[in-house]
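The structure under discussion appears below in the form of structure tokens.
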Amino acid sequence: MKKIAILGSTGSIGTQALDVVKSNPEAFSVEVLTAHSNADLLIQQALEYKPNAVVIGDESKYQFVKDTLWDAGVKVYAGAQALEQIVEMTEIDMVLTALVGAAGLRPTINAIQSGKQIALANKETLVVAGDLVTKLAKEKAVNIYPVDSEHSAIFQCLAGEWHNQIEKIILTASGGPFRGKSKEELATVTKAQALKHPNWDMGAKITIDSASLMNKGLEVIEAKWLFNLTPDQIEVIVHPQSIIHSIVQFTDGSMKAQMGLPDMKLPIQYAMGYPERLKSDFPRFDFFNYPQLTFEQPDRETFRCLNIAFEAMRHGGNMPCVMNAANEIAVAKFLKDEIGFLQIADVVSATMEKVPFISNPTLEDYLASDTEARRIASL
Ligand code: NAD
Ligand code: MG
Numbered sequence: 015m016k017k018i019a020i021l022g023s024t025g026s027i028g029t030q031a032l033d034v035v036k037s038n039p040e041a042f043s044v045e046v047l048t049a050h051s052n053a054d055l056l057i058q059q060a061l062e063y064k065p066n067a068v069v070i071g072d073e074s075k076y077q078f079v080k081d082t083l084w085d086a087g088v089k090v091y092a093g094a095q096a097l098e099q100i101v102e103m104t105e106i107d108m109v110l111t112a113l114v115g116a117a118g119l120r121p122t123i124n125a126i127q128s129g130k131q132i133a134l135a136n137k138e139t140l141v142v143a144g145d146l147v148t149k150l151a152k153e154k155a156v157n158i159y160p161v162d163s164e165h166s167a168i169f170q171c172l173a174g175e176w177h178n179q180i181e182k183i184i185l186t187a188s189g190g191p192f193r194g195k196s197k198e199e200l201a202t203v204t205k206a207q208a209l210k211h212p213n214w215d216m217g218a219k220i221t222i223d224s225a226s227l228m229n230k231g232l233e234v235i236e237a238k239w240l241f242n243l244t245p246d247q248i249e250v251i252v253h254p255q256s257i258i259h260s261i262v263q264f265t266d267g268s269m270k271a272q273m274g275l276p277d278m279k280l281p282i283q284y285a286m287g288y289p290e291r292l293k294s295d296f297p298r299f300d301f302f303n304y305p306q307l308t309f310e311q312p313d314r315e316t317f318r319c320l321n322i323a324f325e326a327m328r329h330g331g332n333m334p335c336v337m338n339a340a341n342e343i344a345v346a347k348f349l350k351d352e353i354g355f356l357q358i359a360d361v362v363s364a365t366m367e368k369v370p371f372i373s374n375p376t377l378e379d380y381l382a383s384d385t386e387a388r389r390i391a392s393l
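Structure below.
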């Protein structure tokens, strides 16, 4: 029985992870649940899954959550610091980081410090400080199991191949809702259009990132750290059907791909259950519903964020951290109708030019760069 802490249990990944727990009561139990502000859903989840403790990020909701869960005997904490500390609880075996953004960095570092296995959905953590996080995980003999579907695909392709050298990996991208659109067309797209992803139902931030291809850029950097690759070993192709989740090419030229219907429950369950493959009743893929799987080049001119991310990765240092923070601000602005879709890339690249470069950042440097990038991007 693995005892799991789910950070961000009220989100898209968090709720699907709880479905996986529900279907596998002999394999998993829930030790901790956390949410940012959705107190009602957090309470409902706590009553159903009976965790030891919950954390509500929004401190104004603490009393309400505490009073409501009093009879159930669930411990209740509030605030960002409680979130950072709760992962240290001795009972926890694995921490699933399903919260969104750079807010995941400190709790993930603390969880690794305490020797907890990590199921990582929160890709921003590796984008911000992949060098520190992977180094610490190595020191503490902690495994980081990818939840992101592309990285889970690579991880699944590497099973039994750990001693073999990777020539390159190919991350697939659906292309998002705006695939094929020109710059002129993108100038006037709305938030509602951007939030309609063709293949995946996800949180708002990652859905906008998927529309701008920044999500693929973040995933390129995530892959660099997870699989210890150089920038030249990572390619991106657009595959609109989202059936092939990614590909590894070995030094003999052989390629392995992992495929299946787009359903995040599978990579979530694989990360949580590793090394077992647990039986599931997820819908099965049928070739004849998809007689054509197609592939194309990403349009890097129109969707600038992909190249911006490659550039940030090649620079290294605090550059990916600055890019990520600026992107979080730009996406939030776009979601508030304060900027247009094409300005997301403008805000990110302008911020990257303005924040001082640090080649070997400490954790404090990363946190300061994140703050400074948010300040500049908000201007
Ligand atoms: P979401 O917006 O649906 O949910 C986010 C969760 O995090 C919520 O429970 C929310 O309460 C919590 N949260 C938000 N801000 C927080 C903060 N500042 N501090 C603490 N908690 C906070 O997001 P999601 O789509 O589930 O994505 C979560 C993470 O997983 C992201 O990093 C995303 O990139 C990654 N991911 C998601 C998917 C997907 O299909 N949704 C796929 C791959 C990777
Ligand atoms: Mg992904």
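For the sequence shown, this note's numbering begins at 15 and goes up steadily by one. For each residue, glycine too, the CB sits at the ideal point set by N, CA and C.
Residue i CB to nearest heavy atom of ligand 2 below 7 Å
i: V26; result: Inspection of the sequence shows that residue 26 is occupied by Ser rather than by Val. Result no, Cβ not under 7 Å from ligand 2.
i: E164; result: yes
i: E199; result: no
i: E233; result: yes
C-alpha gap between residue i and residue j, whole angstroms
i: H177; j: G267; result: 16 Å
i: G25; j: D215; result: 11 Å
i: A143; j: L209; result: 28 Å
i: M286; j: M108; result: 8 Å
i: V345; j: K219; result: 7 Å
i: F309; j: K230; result: 15 Å
i: R389; j: N321; result: 23 Å
i: A206; j: I358; result: 16 Å
i: L150; j: D313; result: 36 Å
i: T333; j: I20; result: The identity of residue 333 in the sequence shown is Met, whereas the question assumes Thr. Rounded to whole angstroms, M333 to I20 spans 29 Å at the Cα level.
i: A94; j: Q306; result: 47 Å
i: I343; j: A237; result: 23 Å
i: G330; j: S373; result: 7 Å
i: A92; j: S51; result: 10 Å
i: A49; j: A339; result: 21 Å
i: G129; j: D162; result: 22 Å
i: V74; j: W84; result: A small fix is needed here, since residue 74 is Ser in this sequence, not Val. Each residue's alpha carbon lies about 17 Å from the other.
i: L292; j: P160; result: 16 Å
Identity of the residues DSSP links to residue i by a beta bridge
i: V69; result: T48 and Y91
i: S74; result: Paired residue(s): none; S74 is not in a bridge.
i: Q272; result: S260
i: L21; result: T48 and T111
i: Y159; result: A133
i: A187; result: V252
i: I180; result: F264
i: F42; result: K16
i: E310; result: V252
Beta carbon of residue i nearer than 8 Å to that of residue j
i: K17; j: I106; result: yes
i: T104; j: T111; result: no
i: L119; j: G22; result: no
i: V35; j: Y76; result: no
i: K182; j: Q311; result: no
i: M327; j: I235; result: yes
i: S196; j: P254; result: no
i: V156; j: I126; result: yes
i: L172; j: L377; result: no
i: L393; j: C319; result: no
i: N124; j: V101; result: yes
i: V68; j: L55; result: no
i: V362; j: M337; result: yes
i: H211; j: G190; result: yes
i: D223; j: L232; result: yes
Cβ neighbours of residue i in the same chain (closer than 8 Å, five flanking residues each side left out)
i: N66; result: E45, V46, V88, K89, M103 and E105
i: C335; result: A116, V141, V142, A143, P375, Y380, S383, D384 and A387
i: F394; result: Any answer about residue 394 is impossible in this case: the structure gives the chain only from 15 up to 393.
i: A86; result: A60, L61 and K64
i: I257; result: M273, G274, L275, P276, F299, Y304 and L307
Beta-carbon proximity list for residue i, same chain, < 6 Å, skipping 5 on both sides
i: S260; result: E164, A167, I168, L185 and T186
i: F42; result: K16, I18 and V35
i: M278; result: Q30
i: K270; result: C171 and V262
i: Q99; result: none
Heavy atom of ligand 1 within 7 Å of residue i beta-carbon
i: L280; result: no
i: M216; result: yes
i: S188; result: no
i: V141; result: no
i: H50; result: yes
i: G115; result: yes
i: V68; result: no
i: N136; result: yes
i: L97; result: yes
i: G274; result: no
i: S23; result: yes
i: V161; result: yes
Beta-carbon contacts of residue i that lie in its chain and below 7 Å, excluding the five residues immediately before and after
i: A201; result: G354 and L356
i: F192; result: L200, V203 and A225
i: F78; result: A53
i: G28; result: I20, G22 and A112
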